[in-house]
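The opening position of the sequence shown corresponds to residue 18 in my numbering, with each subsequent residue numbered one higher.
Heads up, the beta-carbon is just placed ideally off N, CA and C, and yes, glycines get one too.
Quantities reported herein were computed from a predicted structural model and do not represent experimental measurements.
Worksheet for the structure shown next.
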Amino acid sequence: MKNNKVYAMKFSRVYPLLVQKAERKDRTKQEVDEIIFWLTGYDEKGLMQQLQDEVDYKTFFEQAPCINPNCEKIKGTVCGVRVEDIEDPLMKQIRYLDKLIDELAKGKAMEKILRI
Numbered sequence: 018m019k020n021n022k023v024y025a026m027k028f029s030r031v032y033p034l035l036v037q038k039a040e041r042k043d044r045t046k047q048e049v050d051e052i053i054f055w056l057t058g059y060d061e062k063g064l065m066q067q068l069q070d071e072v073d074y075k076t077f078f079e080q081a082p083c084i085n086p087n088c089e090k091i092k093g094t095v096c097g098v099r100v101e102d103i104e105d106p107l108m109k110q111i112r113y114l115d116k117l118i119d120e121l122a123k124g125k126a127m128e129k130i131l132r133i
């Protein structure tokens, strides 16, 4: 039931942590937003609405307009777990976002992060 705790987390509480992680490494909120838009299909208005509605992580991904099909190209580990080996689709999407923000914080170019 560990996943249930993650799924119930308010995205409005997680989002500032993602931004802080990026900003600590001299990256920007705009880059975090660009990653979120790429992964989920939200635009700025949609993202702000989700934050305002204080949806949980599960709802945030369930209501995503369009999960990017190129997300399958995201490989590597997050918290010691290989993202490509995660079977739960929702947890995989959450870890995709974590992995992309990690790459941003490590200084990777946006073209590589977005698999362009």
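Close-in-space but distant-in-sequence residues of the same chain around residue i (CB under 8 angstroms, 5 per side omitted)
i     : result
Tyr59 : Ile53, Gln67, Ala81, Pro82
Ala39 : Thr45, Lys46, Glu48, Val49, Ile118, Leu121, Ala122
Phe78 : Thr57, Ile84, Leu107, Gln110, Ile111
Lys42 : Leu121, Ala122, Lys123, Gly124
Residue interval of the alpha helix (DSSP H) (run including residue i)
i      : result
Lys123 : Run containing Lys123: none; DSSP gives neither H nor E here.
Ala39  : 28 to 41
Leu140 : Outside the modelled stretch of the chain, which goes from 18 to 133, sits residue 140, for which no answer is possible.
Gly97  : Run containing Gly97: none; DSSP gives neither H nor E here.
Lys92  : No alpha helix (DSSP H) holds Lys92; DSSP gives it neither H nor E.
Asp70  : 61 to 70
Ile84  : Counting along the chain, Ile84 falls outside any alpha helix (DSSP H), and DSSP gives it neither H nor E.
Ile130 : 127 to 130
Same chain only: Cβ atoms within 6 angstroms of residue i, ignoring 5 sequence neighbours per side
i     : result
Gln37 : none
Met18 : With a pLDDT of only 47 at Met18, under 50, the local geometry of the prediction cannot be trusted, and the value read off the model is given with reservation. No residues qualify anywhere along the chain.
Gln69 : none
Ser29 : Leu68, Glu71
Exposed unless 16 or more other CB atoms sit within 10 angstroms - verdict on residue i
i      : result
Lys62  : exposed
Lys75  : buried
Ile170 : In the structure as shown, the chain begins at 18 and stops at 133. Residue 170 is therefore absent and cannot be evaluated.
Leu35  : buried
Own chain residues within Cβ distance below 7 angstroms of residue i, not counting five before or after
i      : result
Asp115 : Val95
Are at least three pairs of beta-carbons, each pair with one atom in the region 84 to 97 and one in the region 40 to 48, less than 8 angstroms apart?
-> no
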